[in-house]
Amino acid sequence: MSVYMDLNIIAISDKKRLQNIIETAAHLGYSTVAINYVVEPQQKKQQIPKPLSASELCEKLPIVQGKSRPIKVLNRLTVVATEASHFRPSSEYKNFDILAVYPKTEKLFHAACMTYDVDIISIATTEKQPFYCKRSPVNGAIERGVFFEISYTAAIRDSTMKKYTIANAINLVDVCKGKNVILTSGVENPLELRGPYDIANLGLVFGLSEGDAKAAVSTNCRSVILHGETRMTALGIIHMMMKKKKSQPPIEQPEEETPAVKRAKTETL
Amino acid sequence: MEEKPASYERVVYKNTSEYHYMKICLVCENRSKTLSPEQFKQLIISGVKDLYGEVGAAFPFDLLTFDQSALSAILRVYNRGLVKLWSALTLIGEYEDEPCAFRVTQVSPFLLALSGNSRELELY
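Those protein sequence lines, which keep their order, are chains A and B.
Residues 1 to 269 (the UniProt record's numbering) make up the first sequence, in order.
Residues 1 to 124 (the UniProt record's numbering) make up the second sequence, in order.
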């Protein structure tokens, strides 16, 4: 089973609140979060921001609940595209682990599905989707390993947006048959964050099957991150692990360690 | 007499349990917020009605226990209402114009399972 991830935490300038959100996410059981920087090129002079590294953000990353590992923090860029010129691959995109695009028109949606070199395509949650997701571009995106994102925070904030989120999500899930969907938060406030199991359950409301809903917060997110890594290379990635040599007997170390613990105990007595 | 070794009994449910039990906790921005059990249940009912409407909210659920100081509670709901109740809890975002959140700690078909939480055990 894969770990739970939340790939959309809006990068707010208030550093303390961002730390608070990351802490809450770790407490709820998310092993990986992505800080999302949003750029809207139609507003003039929008620069692509420089992502903060995880160490700049928090001095000590909080420990994930139920695991003894600290939370992993990634960077993500979302380009809001209303015109074709808004999304152009540049070297600045390379600073981010994940690249997402939020197409506002049908033409751009088609282009994003078929040709854009992105990892995530965001679906509108704060407004009515102005176009219908057709099956052929969606199938093309699934084939290329691009994922569709539904973020749920808008649904918590406002009842009208709840309607739009659910309607758009059901539409999307109908077209893609539950494949290649990820559920993310998009929070700006720690109280808007929900636990991974809650979100998997919310996926059922959006029409996903039980397995797909769980995958939407775990395995699919992992695929997104791996897809993001392949974007930086030519073809693919290989993970390598150092294996211990067999000739060295590894028994010696634990033998040394056990008495050390015992000694510590007697000392305290 | 031959002494029998300690034995244990394995209980298998052939049919799925009728109910599900949920242990939940309300987190408010204002930490000193207090609610009566009636207000607490009303908050949940209005959340379900917001999301599913009058017809969709027509499933019974019970508030078994409520801890006023920690704002934690145990709910009992029929299986077919679980997804509805849970999703409604997820989408509740405010109480009396103040941000709040329901944290679902545990969900189980057995009430006994809620007596302990393996995730809060401290292992050495």
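Think of the CB as a built atom: it goes at the ideal place given N, C-alpha and C, for glycine as much as any other residue.
Under the assumption that residue i contacts residue j (Cβ atoms under 8 Å), give the Cβ distance between them as a whole number of angstroms.
i, j, result
"PHE102/B", "LEU26/B", "6 Å"
"ASN20/A", "PRO99/B", "That pair is no contact at about 13 Å."
"LYS72/A", "MET232/A", "With a Cβ gap of about 17 Å, LYS72/A and MET232/A do not count as contacting."
"PHE110/B", "SER17/B", "7 Å"
"VAL181/A", "ALA141/A", "Contact doesn't hold; Cβ gap of about 11 Å is too wide."
"ALA213/A", "LEU226/A", "Actually they do not touch by this definition, with Cβ atoms about 21 Å apart."
"ILE98/A", "LEU7/A", "6 Å"
"TYR152/A", "LEU202/A", "6 Å"
"LEU114/B", "GLN106/B", "5 Å"
"PRO62/A", "PRO70/A", "7 Å"
"THR219/A", "SER2/A", "4 Å"
"PHE131/A", "THR105/A", "7 Å"
Just grab the DSSP bridge partners of residue i for me.
i, result
"ASP62/B", "ARG76/B"
"ILE122/A", "Correcting the residue identity first, residue 122/A is Ser in this sequence and not Ile. Paired residues: GLU149/A."
"PHE102/B", "LEU26/B"
"LEU99/A", "LEU77/A"
"ILE63/A", "PRO70/A"
"THR184/A", "SER151/A"
"ASN117/B", "DSSP output for ASN117/B lists no bridge partner at all."
"ILE48/A", "Answer is none; ILE48/A lacks a bridge partner."
"HIS20/B", "VAL77/B"
"SER87/B", "SER87/B is not bridged to any residue."
"ASP97/B", "ASP97/B pairs with nothing; no bridge assigned."
"ASN36/A", "ILE10/A, ARG76/A"
"SER209/A", "Beta-bridge pairing links SER209/A to no other residue."
"ASP67/B", "SER72/B"
"VAL107/B", "MET22/B"
"MET5/A", "THR32/A"
With distances taken Cα to Cα, identify the nearest neighbour of residue i among the options.
i, options, result
"PRO103/A", "ALA213/A, LYS16/A, GLU149/A", "GLU149/A"
"ALA11/A", "GLY29/A, VAL33/A, MET5/A", "VAL33/A"
"MET22/B", "VAL83/B, CYS100/B, ASP97/B", "VAL83/B"
"CYS221/A", "SER159/A, PRO196/A, MET242/A", "PRO196/A"
"ASN79/B", "LEU43/B, SER69/B, VAL48/B, PHE61/B", "PHE61/B"
"LEU64/B", "ASN30/B, TYR19/B, SER7/B", "TYR19/B"
"GLU40/A", "ALA100/A, ILE63/A, GLU23/A", "ALA100/A"
"ILE48/A", "PRO62/A, ASN75/A, LEU7/A", "ASN75/A"
"VAL64/A", "PRO51/A, PHE147/A, GLY29/A", "GLY29/A"
"SER38/A", "HIS27/A, LYS67/A, VAL80/A, GLY178/A", "The amino acid occupying residue 38/A in the given sequence is Val; Ser does not appear at that position. Cα-wise, what sits closest to VAL38/A is VAL80/A."
"GLY116/B", "ALA88/B, TYR95/B, ILE74/B, LEU85/B", "ILE74/B"
"LYS15/A", "GLU56/A, TYR4/A, HIS27/A, VAL3/A", "GLU56/A"
"ARG194/A", "ASP50/B, THR90/B, GLU29/B", "THR90/B"
"PHE59/B", "GLN39/B, TRP86/B, LEU71/B, LEU112/B", "TRP86/B"
"ARG135/A", "ASP117/A, HIS110/A, ILE22/A", "HIS110/A"
Does the beta-carbon distance from residue i to residue j come in below 9 Å?
i, j, result
"ILE24/B", "VAL77/B", "no"
"ALA169/A", "PHE206/A", "yes"
"residue 276/A", "VAL173/A", "This structure gives no information on residue 276/A, because the portion of chain A shown stretches from 1 to 269."
"THR82/A", "LEU108/A", "yes"
"VAL138/A", "ASP119/A", "no"
"ALA88/B", "ILE44/B", "yes"
"MET161/A", "THR125/A", "yes"
Residues of the stretch 78 to 104 of chain B with a CB closer than 7 Å to any CB of chain A: list them in chain order, please. In summary, the residues of the stretch 78 to 104 of chain B whose CB is separated from some CB of chain A by less than 7 Å are VAL83, TRP86, SER87, THR90, LEU91, GLY93, PRO99, CYS100, ALA101, ARG103, VAL104, in the order they occur in the chain.
At a Cβ cut of 8 Å, what residues of the stretch 173 to 192 of chain A count as close to chain B, listed as they run along the chain? Within the stretch 173 to 192 of chain A, those residues whose Cβ lies closer than 8 Å to any Cβ of chain B are, in chain order, ASN189, LEU191, GLU192.
Can you list, in chain order, the residues of the stretch 139 to 171 of chain A whose Cβ is nearer than 7 Å to any Cβ on chain B? Against chain B - using a Cβ distance shorter than 7 Å - the residues of the stretch 139 to 171 of chain A are ALA155, ILE156, ARG157, SER159, LYS162.
If contact means a Cβ-Cβ distance below 7 Å, which residues of the stretch 16 to 34 of chain B contact chain A? Here the close residues are VAL27, GLU29.
Short-range partners of chain A found in the stretch 40 to 73 of chain B, where Cβ spacing is below 8 Å: Going along the stretch 40 to 73 of chain B in chain order, one finds ASP50, LEU51 with a Cβ nearer than 8 Å to chain A.
What are the residues in the stretch 209 to 225 of chain A lying within 7 Å of chain B by C-beta distance? Contact residues of the stretch 209 to 225 of chain A toward chain B are absent (C-beta to C-beta distance below 7 Å).
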